[in-house]
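These notes are about the structure you will find just below.
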Amino acid sequence: MNQSRKITEGALLLAIFMVIMLLSLFIPIFTILLPIPFILYAARYDWKPSILMFIVAILLAALFTTVFSLPVVILMGLGGMMIGNAIFKNLSAYETLARGTLGFIIGMLFIFVFTQVVFDVNVMNDMNEIVEQSVSMSNDMIEQFGIQGIQTEELERVIQLQIELMFDLLPAIMILTVVFLAFLVQWIGYKFINKLYKRKLRFPPFRKLQFPSSLLWIYMIVLLFSIIETDHTSTLFVMIQNASLITGTLMIIQGFSFIFFFAQHKGLPKVIPILAVVFTLFIPILLSFVRILGIIDIGFKLRERRTKEK
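Be aware that the sequence shown starts at 0, since it is given in numbering that gives the first Met the number 0, and climbs by one per residue.
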């Protein structure tokens, strides 16, 4: 009976997956729902049945859609199975997020290899060409504005460095994007599981988010190395810049979390911290102050002090 139920649910979820897959070809926003069938199945039946469902999903996608959709199926399938497996094992929300992020990162690496091997697309060469085109377009714009002489050379150099830095930071940007994707997919998955299986899965309140103090030490070490290493062409510099972006972003998230904690601690309306976050995002210079707030929160344990005062 249990085996029959597994097969029935697997077939039903595969059918739902294919419907979502076909819809996403015309309405890309539906792509975010592709991991949900895998989450639902893995959350109930763990690894072995989920892997079988994953393989069948790949075969169905190859038969009924284009070859270009296969990397998407693998990306979403791996992420969904990792999240579902973590839910099956009753892991915490953030442990589940870590596993989901790992699944999506593996999927992204597969996409990178797949495009290189199957489509003979050299991503690094294409990126270099994009950089050269961007620099060329920037130079043309400078000439149109009539800037000449030494100012032109300095401006061109600054623009070129900024564009190159942006591409150097792509690994960190991709990791942060994958973390956000995993969070969004997991949040949607929780909603479906709570509705269908009458569970109460949720992320802890944002105001309770606290990163370990070790993150502060990592951030300080990265900051120190960024001051020491100034050669923009070195691999170490690129690694430091990526680490700086990731740890700095985590500090900003910590700062926002403290703002929510402080608002709740003082009994302020919930809309106040939300408006503070929106206002800060629209004025990026304020992010530096939020980052400092996050550093102080971790380093000086502001929440413990506030809680004792209360």
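Glycine residues also receive a C-beta, built at the ideal position from the N, C-alpha and C atoms.
Sequence-distant residues of the same chain with beta carbon closer than 7 Å to L292, five excluded per side: Contacts found: G254, F257.
Is the separation between the beta-carbon of M385 and that of L13 shorter than 8 Å? Lying before the first or after the last residue shown, residue 385 is absent from the chain, which here runs from 0 to 309.
Counting only the same chain and skipping the five closest in sequence on each side, list residues whose C-beta sits under 6 Å from that of G79. The beta carbon of G79 is closer than 6 Å to those of P34, F37, I38 in its chain, skipping five residues each way along the sequence.
Other residues of its chain near T279: CB distance less than 7 Å, five sequence neighbours each side excluded: These residues qualify, in order along the chain: L285, L286, V289.
Using 8 Å for Cβ pairs, my map puts I297 next to S212. What's the rounded Cβ distance? Contact check for I297 and S212: beta-carbon distance about 6 Å, within the 8 Å limit, so the pair qualifies.
Are the region 215 to 228 and the region 163 to 177 touching, with three or more C-beta to C-beta distances below 8 Å? no
Whole runs of the alpha helix (DSSP H) within the region 244 to 288, excluding any shorter than 4 residues: 270 to 281, all fully within the region 244 to 288.
Select from Q115, L69, Y44 the residue whose C-alpha is nearest the C-alpha of K88. Nearest to K88 by C-alpha distance, out of Q115, L69, Y44, is Y44.
State the CB to CB distance for the pair G83 and A42, rounded to an integer number of angstroms; the pair is presumed to be in contact (CB under 8 Å). 4 Å
Using the beta-carbon count (16 or more within 10 Å), is I73 buried or exposed? buried
Determine whether the beta carbon atoms of R201 and I192 lie at a separation below 8 Å. Result no, Cβ atoms of R201 and I192 do not sit closer than 8 Å.
Under 8 Å between C-beta atoms of L96 and F182: yes
For L77 versus G106, is the C-beta spacing smaller than 8 Å? Going by C-beta atoms, L77 is nearer than 8 Å to G106.
Taking F103 as part of the alpha helix (DSSP H), name the residues at either end of that continuous run. 92 to 116
Which residue's Cα is closest to the Cα of L208: A10, L32, F261, V55? F261
Look up D230 in the DSSP assignment and say whether it is helix, strand or coil. coil
Determine the direct distance from the alpha carbon of R304 to that of H264, and round the result to whole angstroms. 12 Å
Residues in its own chain within less than 7 Å of T100 by CB, not counting five upstream and five downstream? A distance below 7 Å between beta-carbons, with the five flanking residues on each side excluded, links T100 to the following residues of its chain, in chain order: V177, V178, A181.
Under 8 Å by Cβ, that's how I've got T248 and L175 pegged, so tell me the actual separation to the nearest angstrom. 6 Å
I need the straight-line Cα distance from A242 to A171, nearest angstrom please. 7 Å
Would you kindly report the start and end of the unbroken alpha helix (DSSP H) that includes T176? Element bounds for T176: 169 to 196.
Between F29 and L22, how many whole angstroms is the CB-CB distance? I'm expecting something under 8 Å. 4 Å
Taking all protein chains shown into account, decide if P272 is buried (16 or more other Cβ within 10 angstroms of its Cβ) or exposed. P272 comes out buried.
For N89, name the three-state secondary structure that DSSP assigns. coil
What does the Cβ neighbour count give for S3, buried or exposed, with the cut at 16 atoms within 10 Å? S3 is exposed by the Cβ-count criterion.
Out of V112, I226, E8, Q161, point me to the one whose CA is closest to P70's CA. V112
For Q132, the nearest candidate out of L108, V184, E163, V117 (CA to CA): E163
Measure the C-alpha to C-alpha separation of L235 and L223 and round it to an integer number of angstroms. Just so you know, the alpha carbons of L235 and L223 end up roughly 13 Å apart.
Among I19, G266, R98, the one whose alpha carbon lies nearest that of T64: I19
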